[in-house]
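Structure first, commentary second.
Numbering (this note's numbering), first residue to last: 172 to 664.
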């Protein structure tokens, strides 16, 4: 699920879930308090209809208390000395914020109203001379109080009369309602706090923790450490962000590793070229000094010295050519000129070019061309010739037999031309064969003037073959020989 969707859902839950919980708690606690009020005061609350209407609640309670007063009047409890009874009854009424006032024989004989309540309430109580003047109830206002007033006519046996007033405060809540409000507030606060805690935990898990992890990783990368792996353990956008960050880190690390590898390879190339240039330069210098000193005092010696100088200069030119080609490979700027060539004729000419050199170095060359005369392919003749020369030069360089053998076989395989160049040199192990096309890789780490070389010959071969849309690999065994397999695409008819 996307985080935008999660955020919307979370906001809806944050709003609705507490409301639902609060409504449920209101229903649960409210119901229990209503039952308590009905049980304690003997009234019917009719559900939540009159829950916060204190006037209505006090009216219901007062009507029940008024029945008690009327029964006491009927029982004659207010005929003689009724002060003690009035005090007892008033103490019961005070529990529900109601009070008793007795007006008898044209004077107040008992006042149950607390002293702190306004005395104006007594003044506003009307004197009633007869039972027919009674009213059901009245609503009186004091300085800070509001009262419902219920008058009850009191008639003594001696013919005198009085009024018993029941006053009920309407600006106070019952203890049960206050308790409910306290519980409701407490539960509401707990629900809100729990929701905030859940929101904080969720936000920390889904937002802040991955952000902290990414921040630490970014800080470590800025400090130069690229080994800080970011786990993809989240969902939605952060999973993609972590994955992209990890991909960026890997690419950046690979780029730096490649740069360091390139710098090391460049240093090694310079070292190799410097070493390989130093050898022919030393020889050239020595032979030139010999000529200058008159050591070559015969035409034969002079001819031998000059030919040696020429050969060493050719070696230097070849090394410089490899260095130039290496720079073009590195810049992916090898100049290709693809043309249509006849496969049989082309490889026949290449073999004839190398035959003389091989025979001069006591090598036996065997050549087998099974290609049909009409088969052609698109290739750069010069660069492909460089491939063959580099492979054969490599065979000459690493041959450790008294009589070297090189076999060249060319044949068709479906849409490819398969070229095999096999020697009987010292060969390589299967593990070494997997790496011999890498730049500067050497099966023998030791260097000498005989094997020498820049170490990039076979990497150049691989690059040229692949740019022709082909493939090349090596196979052989140690001290048995090495076979280079090259697959080149035929021209589509």
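Ideal placement from N, C-alpha and C gives every residue a C-beta, glycine not left out.
Note that the coordinates shown come from a computational prediction; the quantities given were computed from them, not determined experimentally.
Contact between residue 275 and residue 325 is confirmed by a C-beta separation of about 7 Å, below the 8 Å threshold. By the Cβ criterion, the stretch 482-495 is not in contact with the stretch 516-536, since fewer than three pairs of Cβ atoms, one from each stretch, lie closer than 8 Å.
In terms of Cα proximity to residue 239, the closest of 570, 366, 259, 573 is 259. Its Cα nearest to that of residue 568, the residue 594 stands out among 588, 579, 580, 594. Looking at the DSSP output, residue 646 sits in a beta bridge with 654.
Going by beta carbons, residue 525 and residue 560 fall inside the 8 Å limit.
Between the alpha carbons of residue 364 and residue 392 lies a distance of about 39 Å. Here the stretch 201-211 makes no contact with the stretch 376-392; the two share fewer than three CB pairs at distances below 8 Å.
Counting only residues of its own chain and dropping the five nearest sequence neighbours on each side, residue 268 has a CB closer than 6 Å to the CB of 340, 343.
Relative to the Cα of residue 598, the nearest Cα in the group 428, 570, 585, 591 belongs to 570.
Nearest Cα to residue 192 within the set 203, 360, 327: 360. Given a length threshold of 4 residues, each whole run of the alpha helix (DSSP H) inside the stretch 365-395 is given here in chain order: 380-393. Note: residue 309 is bridge-paired with 320 in the DSSP secondary-structure output.
Below 8 Å, too few C-beta pairs join the stretch 599-608 and the stretch 547-555 to call them touching: fewer than three. If only uninterrupted beta strand (DSSP E) runs of at least 3 residues are considered, those enclosed by the stretch 481-567 are 510-513, 534-540, 547-550. Residue pairing for residue 335: DSSP places it in a beta bridge opposite 273, 323. Your pair residue 610 and residue 588 does not check out as a contact, with CB atoms roughly 26 Å apart and the cut at 8 Å. If you look at residue 466, you'll find it isn't in any alpha helix (DSSP H); DSSP assigns it neither H nor E. Only buried fits residue 655, as 16 or more other CB atoms lie within 10 angstroms of its CB.
The beta carbon of residue 582 lies closer than 6 Å to those of 541, 589 in the same chain, with the five residues before and after it left out. Going by beta carbons, residue 335 and residue 273 fall inside the 8 Å limit.
Annotated as proximal: residue 658 and residue 641, with beta-carbon spacing under 8 Å. Residue 580 is positioned such that its CB atom lies closer than 8 Å to that of residue 591. Straight through space, the alpha carbons of residue 575 and residue 508 are spaced by roughly 34 Å. In the three-state reduction of the DSSP assignment, residue 594 falls in the strand class.
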